[in-house]
Amino acid sequence: MNVTYPEVGATREGPLPDGYQHTTRRVRLGSGAELFRAAADALARWQPERGAGLRVRSSAERAALGVEFSAGIGVGALRMWVPCRIVWVVDEPDRYGFGFGTLPGHVETGEESFLLSTDETGDVWFEVRAFSRPAKWWVRLGSPVARLVQHRVTDRYVNAMRRL
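Throughout, our numbering is defined as the position within the sequence shown, counted from one, plus 70.
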């Protein structure tokens with residue numbers, strides 16, 4: 071199954087593509103190599119999603135290139151599962167993260183990424199970047215609500231990483 075958009079990898083660096091809603095959030099988590107390692111491990115084990123209150127179904131315990139997963143939002147019979155695939159990974163001494171793209175069946179089309187980095191002073195930063203647009207007519211109809219949900223989930227990702 072292929073991702074549902076042509077701009078694969080656009081959340082990794084550079085400007086986000088035109089024609090989509092954009093989300094960018096960058097926050098300082100603290101400092102030090104120990105925090106960076108702990109944050110990278112948490113990121114690889116789906117902690118931002120789980121900490122945001124989402125359920126995660128994955129073909130692997132850890133994030134890796136090509137891994138497919140679905141995030142579930144909602145409760146019980148009202149839970150909606152959105153399928154994604156990891157399309158890029160960076161694993162360097164001072165940077166760790168990945169980008170994931172939407173698969174057919176997702177309510178939106180686009181890509182989102184989580185990236186940890188350590189700057190020259192040892193501060194650890196967490197960045198979320200995304201571009202998306204509705205893939206379903208009812209999401210387009212409820213676009214203001216969908217944007218609000220996306221911002222709220224992004225806030226929850228950030229808060230989950232800050233709790234480390």
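We put the CB at the ideal spot given by N, CA and C, even for glycine.
Just curious, the beta strand (DSSP E) that residue i is in, first and last residue?
i: G121; result: Not the beta strand (DSSP E): G121 falls in the alpha helix (DSSP H), residues Q117 to G121.
i: M71; result: No beta strand (DSSP E) holds M71; DSSP gives it neither H nor E.
i: V160; result: M150 to E162
i: V126; result: R125 to S128
i: R165; result: R165 to T172
Using a Cβ-Cβ cutoff of less than 8 Å, which residues in the same chain neighbour residue i once the five nearest sequence positions on both sides are dropped?
i: T172; result: V73, T74, Y75, V152, P153, C154, E178, T179, G180, E181, S202 and A205
i: T224; result: T93, R95, V198 and A200
i: G136; result: R155 and I156
Taking the continuous alpha helix (DSSP H) assigned at residue i, which residues delimit it?
i: A205; result: Per DSSP, A205 belongs to no alpha helix (DSSP H) and is neither H nor E.
i: R107; result: A103 to A114
Tell me, which residues are paired with residue i by DSSP?
i: A200; result: T93 and E182
i: V194; result: G100 and T188
i: G142; result: R125 and W151
Nearest to residue i by alpha carbon, out of the options?
i: R125; options: F184, D161 and M150; result: M150
i: R165; options: Y227, F106, A122 and P87; result: F106
i: Y227; options: D88, R120 and S101; result: R120
i: E131; options: A141, G142 and W116; result: W116
i: S183; options: A112, V157 and A147; result: V157
For residue i, which residues in the same chain have their Cβ closer than 6 Å to its Cβ, ignoring the five residues on either side in sequence?
i: H92; result: L86 and F201
i: E138; result: S129 and R155
i: T188; result: F106, D164 and V194
i: I143; result: L124 and M150
Is there contact between the region 94-102 and the region 186-198, where contact requires at least three CB pairs shorter than 8 Å? Touching, yes, given that three or more Cβ pairs across the two stretches are closer than 8 Å.
Looking at C-beta atoms only, is the number of pairs between the region 74-89 and the region 161-176 that lie closer than 8 Å three or more? Counting C-beta pairs with one atom in each stretch, the region 74-89 and the region 161-176 have three or more that are closer than 8 Å, which means they touch.
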